[in-house]
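Report on the following structure.
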Amino acid sequence: MRSTRRSEAYAGLVAIGLFALTVVTIGWFMPDAPTGPRYMGAGAETPQRGGTFVFHHESDVRGFDPHKSFDELSNMGIKLLFEGLLDYDRDTMDLVPRLALEVPEPSEDGRTYRFRLREGVRFADDPCFEGGRGREVTAHDVRWSMEHMLATGTASPGATFYTLIEGYDAFRAGEASHVSGIRVIDRHTIDFSLSRPDQTFLYTMAMSFAYPVAREAYARYGEEIRRHPVGTGAYVLEDWEPGVELTFVRNPNYFEEGRPWVDRQVFELNLDRGPAVMRFRNGDLDHIHRQTPSDYLELRDMEAWAPYRVEAPQPNIWGVIMNCDLAPFDDRHVRRAVAFAINRAQWRRARANRLALQGQPIPRVLPGFDPELPGRHEYDLERAREEMRLAGHPDGIEQEIEVWLGEGDTGRRYGELIQSDLREIGLNIRIKQVAFPIFLQETGKPRTAQMLLSGWSMDFPDPANFLDILFHSRSIHEEDSENKAFYSNPELDRILDEARVERDRPRRLAMYREASRILVDDAPWAFVWSDVSMEMWQPYVRNYRPHAVWDNFYRDVWLDLPRRRVAMRPTSPLNRFAAALSPFGRLR
Numbered sequence: 314m315r316s317t318r319r320s321e322a323y324a325g326l327v328a329i330g331l332f333a334l335t336v337v338t339i340g341w342f343m344p345d346a347p348t349g350p351r352y353m354g355a356g357a358e359t360p361q362r363g364g365t366f367v368f369h370h371e372s373d374v375r376g377f378d379p380h381k382s383f384d385e386l387s388n389m390g391i392k393l394l395f396e397g398l399l400d401y402d403r404d405t406m407d408l409v410p411r412l413a414l415e416v417p418e419p420s421e422d423g424r425t426y427r428f429r430l431r432e433g434v435r436f437a438d439d440p441c442f443e444g445g446r447g448r449e450v451t452a453h454d455v456r457w458s459m460e461h462m463l464a465t466g467t468a469s470p471g472a473t474f475y476t477l478i479e480g481y482d483a484f485r486a487g488e489a490s491h492v493s494g495i496r497v498i499d500r501h502t503i504d505f506s507l508s509r510p511d512q513t514f515l516y517t518m519a520m521s522f523a524y525p526v527a528r529e530a531y532a533r534y535g536e537e538i539r540r541h542p543v544g545t546g547a548y549v550l551e552d553w554e555p556g557v558e559l560t561f562v563r564n565p566n567y568f569e570e571g572r573p574w575v576d577r578q579v580f581e582l583n584l585d586r587g588p589a590v591m592r593f594r595n596g597d598l599d600h601i602h603r604q605t606p607s608d609y610l611e612l613r614d615m616e617a618w619a620p621y622r623v624e625a626p627q628p629n630i631w632g633v634i635m636n637c638d639l640a641p642f643d644d645r646h647v648r649r650a651v652a653f654a655i656n657r658a659q660w661r662r663a664r665a666n667r668l669a670l671q672g673q674p675i676p677r678v679l680p681g682f683d684p685e686l687p688g689r690h691e692y693d694l695e696r697a698r699e700e701m702r703l704a705g706h707p708d709g710i711e712q713e714i715e716v717w718l719g720e721g722d723t724g725r726r727y728g729e730l731i732q733s734d735l736r737e738i739g740l741n742i743r744i745k746q747v748a749f750p751i752f753l754q755e756t757g758k759p760r761t762a763q764m765l766l767s768g769w770s771m772d773f774p775d776p777a778n779f780l781d782i783l784f785h786s787r788s789i790h791e792e793d794s795e796n797k798a799f800y801s802n803p804e805l806d807r808i809l810d811e812a813r814v815e816r817d818r819p820r821r822l823a824m825y826r827e828a829s830r831i832l833v834d835d836a837p838w839a840f841v842w843s844d845v846s847m848e849m850w851q852p853y854v855r856n857y858r859p860h861a862v863w864d865n866f867y868r869d870v871w872l873d874l875p876r877r878r879v880a881m882r883p884t885s886p887l888n889r890f891a892a893a894l895s896p897f898g899r900l901r
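Residue numbering for the sequence shown follows my numbering, beginning at 314 and increasing consecutively.
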């Protein structure tokens with residue numbers, strides 16, 4: 314017995330000694346966090362080819378089918394893999410041609426648009442094609458792609474953007490084999506005819522739902538197309554390690570000669586904000602766009618980073634969404650109580666004042682935002698308690714309410730703020746955190762999520778991009794509903810339908826302000842904030858600046874790479890941890 318105790322004591326001393334040695338070793342080799350950039354550019358004045366650009370995201374990706382995947386991270390990859398007929402100037406929000414030769418003008422009656430395609434644009438090479446070589450994109454591909462996206466069997470959340478294309482209803486009902494308003498004129502010319510003028514039509518043709526896709530790819534891969542994207546973009550998907558990393562490599566078939574500049578783009582997945590900032594400061598990430606409040610305050614005050622960061626309000630909205638089909642949120646007064654119980658100033662302080670308080674459904678950077686909108690959502694606890702009394706619950710609701718959030722520390726913190734605020738009006742909130750793909754999948758189904766925290770970022774610079782998608786009843790589906798409140802109001806639908814075709818701009822914006830008034834009154838969302846984002850990039854990252862419309866748009870960057878010490882390029886959680894301790898850079 315005595316010898317056993319002696320052995321245990323000895324083993325304990327050895328363990329303590331090894332731990333102390335480890336701490337000393339880490340303290341010796343781990344550098345202090347740099348107060349400025351670790352690696353500057355090499356001084357090149359013209360774009361250089363080569364290198365690997367590395368970005369991160371806090372969640373996993375859902376997939377790369379442009380007809381179905383529409384979340385932020387998927388869309389970032391889709392922008393690398395595909396091209397549309399139209400896109401946006403990255404500084405002005407003006408439409409510019411991509412696969413089309415020019416931005417078409419509408420016919421005199423505003424109902425017909427003719428697109429002329431670039432000749433010689435090819436899909437990326439893929440086994441789905443004969444001989445594995447990508448073929449030319451034609452007007453027939455544009456029509457097939459649009460009809461595939463619009464088909465009811467595809468269940469694309471984007472179909473509702475195109476309801477005014479002539480023949481939409483007959484095609485969706487199975488009464489026609491083609492959409493009559495989409496007509497191929499010749500190999501490189503296609504017409505779109507509308508049943509009524511649509512002020513958003515050209516904008517929607519710049520969305521990923523309208524990107525040309527290869528029918529051969531859908532025939533070969535079926536539902537797995539999300540993992541086997543075949544497009545016309547600057548990159549192709551080389552590897553996808555779920556939950557860890559995405560790797561995109563240059564597409565040799567890309568139609569812009571000499572582009573892209575960067576050989577490879579890597580997106581590291583499921584990397585929280587704190588570790589991401591550490592890796593950025595160590596030179597292992599090339600760009601970050603979100604930080605913890607403490608990291609934000611520290612980085613914002615570092616003058617050495619000033620030329621490589623920008624801070625600006627974002628065209629998005631965030632809010633607490635309530636499912637209008639599920640109790641207790643089928644009662645308008647309960648929803649209004651939640652809207653007035655959210656202590657927005659407290660949320661803003663928790664985010665180091667990086668929130669622009671919103672209170673209504675149109676972001677403040679878009680036309681149609683009304684700073685004096687009557688009834689806009691503001692913190693008013695007495696008013697919230699009065700709404701609970703009107704709902705018949707003066708003492709609150711005993712039944713537990715589940716709020717869905719994304720995984721990670723940030724989601725948890727938001728959940729705790731919701732719990733704290735709604736406890737004041739007698740609501741008992743339970744936090745449910747899930748992986749982002751699961752969050753999107755489940756909250757898009759009817760009668761599934763009682764409450765959730767979510768947001769919407771701009772796809773095109775028009776109020777319809779928020780009001781039609783998030784609140785029109787046609788955005789309710791059995792799966793992938795963007796109307797996650799499952800809110801249906803015939804009066805709102807009527808106003809939005811009329812605004813969509815109204816050609817007089819002041820009258821049209823007045824309609825959207827009226828729609829906003831209805832929404833703050835009915836409160837399917839408690840409108841809380843728009844982001845104020847600080848983006849940062851390494852000094853050797855050139856030709857990057859935030860895009861006027863798209864989040865995190867990296868297609869056109871080039872790297873002015875210095876000579877660097879090489880350790881490892883992290884591809885696993887273990888290697889990432891080791892790299893965080895490393896005083897060296899990573900392999901490029």
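For every residue, glycine included, the Cβ atom is placed at its ideal position computed from N, Cα and C.
Query: CB of Ser767 within 8 Å of CB of Glu385, strictly; Result: no
Query: Where the beta strand (DSSP E) containing Trp660 begins and where it ends; Result: Careful: Trp660 lies outside any beta strand (DSSP E), inside the alpha helix (DSSP H) at 657-663.
Query: Three-state secondary structure assigned by DSSP to Glu554; Result: strand
Query: One or two residues paired with Ile744 in a DSSP bridge; Result: Val716
Query: Close Cβ partners of Leu477 (< 6 Å) along its chain, the five nearest in sequence each way excluded; Result: Leu507, Ser508, Arg509, Asp511
Query: Outcome for Tyr531 when other beta-carbon atoms lying within 10 angstroms are tallied against a minimum of 16; Result: buried
Query: Local conformation of Thr465 per DSSP, three classes; Result: coil
Query: 8 Å Cβ cutoff met for Gln673 and Leu686; Result: yes
Query: Beta-carbon proximity of Leu735 to Val367, cut-off 8 Å; Result: no
Query: Sufficient close CB pairs (3 or more, under 8 Å) joining the stretch 641-649 to the stretch 832-839; Result: yes
Query: Neighbourhood of Gly724 by C-beta, 7 Å cutoff - its chain only, sequence neighbours within 5 removed; Result: Leu718, Gln746
Query: Closest by C-alpha distance to Lys797, when choosing among Pro641, Val455, Val633, Arg813; Result: Val633
Query: Other residues of its chain near Trp574: CB distance less than 6 Å, five sequence neighbours each side excluded; Result: Pro360, Arg362, Trp871
Query: Range of the contiguous beta strand (DSSP E) that encloses Pro410; Result: 408-410
Query: Cβ neighbours of Pro641 in the same chain (closer than 7 Å, five flanking residues each side left out); Result: Val647, Ile710
Query: Counterpart residues of Phe568 in DSSP-defined beta bridges; Result: Note: Phe568 sits in no beta bridge, so no partner.
Query: For Phe642, three-class secondary structure by DSSP; Result: coil
Query: Test item: CB-CB of Ile742 and Ile731 under 8 Å; Result: yes
Query: The ligand PLP heavy atom lying under 7 Å from the CB of Thr359; Result: Here there are no bound small molecules, and the ligand PLP is not part of this structure.
Query: Residue(s) in a DSSP beta bridge with Arg496; Result: Asp504
Query: Sub-8 Å separation of Arg539 and Phe377 beta-carbons; Result: yes
Query: Inter-residue spacing [alpha-carbon to alpha-carbon] between Ile744 and Gly721; Result: 12 Å
Query: Whole-angstrom C-beta distance between His491 and Leu430, which should lie under 8 Å; Result: Their Cβ separation, rounded to whole angstroms, is 19 Å, which puts Leu430 and His491 out of contact at 8 Å.
Query: Neighbourhood of Trp341 by C-beta distance below 6 Å, restricted to the same chain and skipping five residues each side; Result: For Trp341, the pLDDT reaches just 42, beneath the cut-off of 50, and the residue's location in the model is therefore unreliable, leaving the point undetermined.
Query: Simplified DSSP assignment, three categories, for Asn778; Result: helix
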